[in-house]
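Please read the structure below before turning to the comments.
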Amino acid sequence: MAAARTPAPYPDVLVTSRPLDEYCALFGLTRAQLAALPGPLLDCPGGAAGLAAEARELGCRVIAADPAYALPLPEVAAHALAARDSMVVAMAARPRLYPALGRCRSESYLRSWDRARRLFTADSAAHPQRYVAAALPRLPFADGTFVLTLSGYLLFAYPELFDLEHQLAALAELVRVTAADGEVRVQPLHDGFGRRCGHLDRLRYALGERRISSEVRRVPQEGRRTCRVLVLRAAGHRRRGIGK
Ligand SMILES: C[S@@+](CC[C@H](N)C(=O)[O-])C[C@H]1O[C@@H](n2cnc3c(N)ncnc32)[C@H](O)[C@@H]1O
């Protein structure tokens with residue numbers, strides 16, 4: 324599944340390093356559900372996340388895809404370190420946008436990112452084939468390769484890069500590489516300032532025209548907060564039933 328080495332197209336996008344437990348909380352998944360997946364999971368964009376390394380420990384096969392993987396690994400790690408610094412500032416300015424922050428201070432929360440970044444660096448050095456350099460809206464995977472596809476902090480987080488047309492193309496591509504009875508989950512549905520996507524209904528309508536069914540699911544977070552996750556699947560297929 325090795326991809327051609329292409330330059331990272333969007334240098335302004337942060338290369339973040341969330342750990343597995345934060346992925347589970349944000350996407351409404353449990354470790355047990357990941358361990359029970361009957362096929363591979365795609366994390367796109369993978370960033371410098373710990374998911375691929377940590378989920379493998381559970382027996383879940385993860386492929387991460389991200390244009391940043393076209394860069395030499397030390398550069399990816401340096402981008403991830405810079406993203407951490409940006410997050411300290413962003414969290415101080417808008418703490419409510421970061422559900423995993425909970426009641427802890429940003430420094431102690433970001434220590435979980437430091438661990439995830441170290442796991443990512445070690446895993447991608449040892450198993451580079453798990454980290455594929457690729458950019459939406461075109462992925463180098465065959466139709467239906469993955470039973471579950473996760474896409475966090477990209478398609479709605481950077482509206483200046485992804486307008487409705489680009490979101491539609493990217494989401495359709497994520498559905499294409501996901502098994503017909505699998506699922507694509509996307510979050511957050513707001514930008515870096517907490518502004519909700521204003522054309523979500525139009526986007527869902529356009530997805531429907533492409534025979535992609537969609538649902539906005541509320542995933543409970545710590546306290547009384549919820550996180551909205553867009554769940555997509557090929558229309559007319561029964562769900563495999565990855566925990567709801
Ligand atoms: C904020 S990070 C999210 C990483 C991870 N999903 C997380 O939640 O921590 C955004 C990532 O999107 C990647 N990216 C930028 N453009 C992309 C594209 N067209 N297709 C896929 N990934 C892209 C960046 O390289 C960066 O690593």
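Numbered per the working numbering, the sequence shown spans residues 324 to 567.
Using N, Cα and C, we set each Cβ at its ideal position, and we do this for glycine too.
Here the structure is a predicted model, which is why all the values come from computation and not from measurement.
- Under the three-state reduction of DSSP output, Ser340 falls in the coil class, being neither helix nor strand.
- In this structure, the C-beta of Leu459 approaches ligand 1 to less than 7 angstroms from one of its heavy atoms.
- The criterion of a C-beta distance shorter than 8 angstroms is not satisfied by Leu553 and Val542.
- Separation of Asp437 and Ala371 (C-alpha to C-alpha, rounded to the nearest whole angstrom) is 10 angstroms.
- Within the segment 411-473, the complete alpha helix (DSSP H) segments at least 4 residues long are 429-449, listed from N- to C-terminus.
- In this structure, DSSP gives Glu377 a helical state, which the three-state scheme calls helix.
- Contact between Cys367 and Leu459 holds: their C-beta atoms lie close to 7 angstroms from each other, under 8 angstroms.
- Straight-line spacing of the CA atoms in Cys347 and Ala355 works out to 10 angstroms.
- When C-alpha distances from Ala387 are compared across Arg519, Ala413, Pro463, the shortest belongs to Pro463.
- The three-state secondary structure of Leu555, taken from DSSP, is strand.
- Residues of the same chain with a CB within less than 7 angstroms of the CB of Arg499, apart from the 5 flanking positions on each side, are Asp466 in chain order.
- Glu483 sits in coil when the DSSP states are folded into three classes, being neither helix nor strand.
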